[in-house]
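Here's the structure we're looking at; comments come further down.
In my numbering, the protein residues as written are 18 to 91.
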């Protein structure tokens with residue numbers, strides 16, 4: 018049952034992110050599309066400078082309620 022729930026949640030999150038750019042799980046956090054800029058990197062094997070192209074990534078942003086329960090306040 019849990020496997021089916023997570024599969025359905027994954028399908029729902031995927032379709033929602035494709036449509037609106039984000040998927041919110043109330044009280045938990047949200048998945049957000051993010052654009053990464055092109056940048057220069059270094060090949061660790063050769064030390065050669067390489068160009069890393071821009072790309073779209075998916076980030077998870079933890080909600081305030083969840084963050085406050087996990088991360089202690091200063």
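Beta carbons: idealized from backbone N, C-alpha and C, even for Gly.
If you're wondering where the values come from, they're calculated on a predicted model, not measured in any experiment.
Does DSSP put residue i in a helix, in a strand, or in coil?
i, result
"residue 63", "coil"
"residue 84", "helix"
What are the boundary residues of the alpha helix (DSSP H) that includes residue i?
i, result
"residue 23", "19-37"
"residue 91", "That residue, residue 91, is in no alpha helix (DSSP H); it is neither H nor E in DSSP."
Are residue i and residue j close, meaning C-beta to C-beta below 8 Å?
i, j, result
"residue 59", "residue 71", "no"
"residue 38", "residue 80", "no"
Assuming residue i is part of the beta strand (DSSP E), what are its boundary residues?
i, result
"residue 72", "72-79"
"residue 44", "It is not in any beta strand (DSSP E) - residue 44 carries neither H nor E in the DSSP assignment."
* With contact counted as at least three CB pairs below 8 Å, one residue from each stretch, are the segment 81-89 and the segment 66-73 in contact? -> No: the two stretches stay apart, fewer than three of their Cβ pairs being nearer than 8 Å.
* To do: Report yes or no: do the segment 48-60 and the segment 22-40 share at least 3 C-beta pairs separated by less than 8 Å?
  => Look at the beta carbons and you see the segment 48-60 touching the segment 22-40: at least three pairs across the two are nearer than 8 Å.
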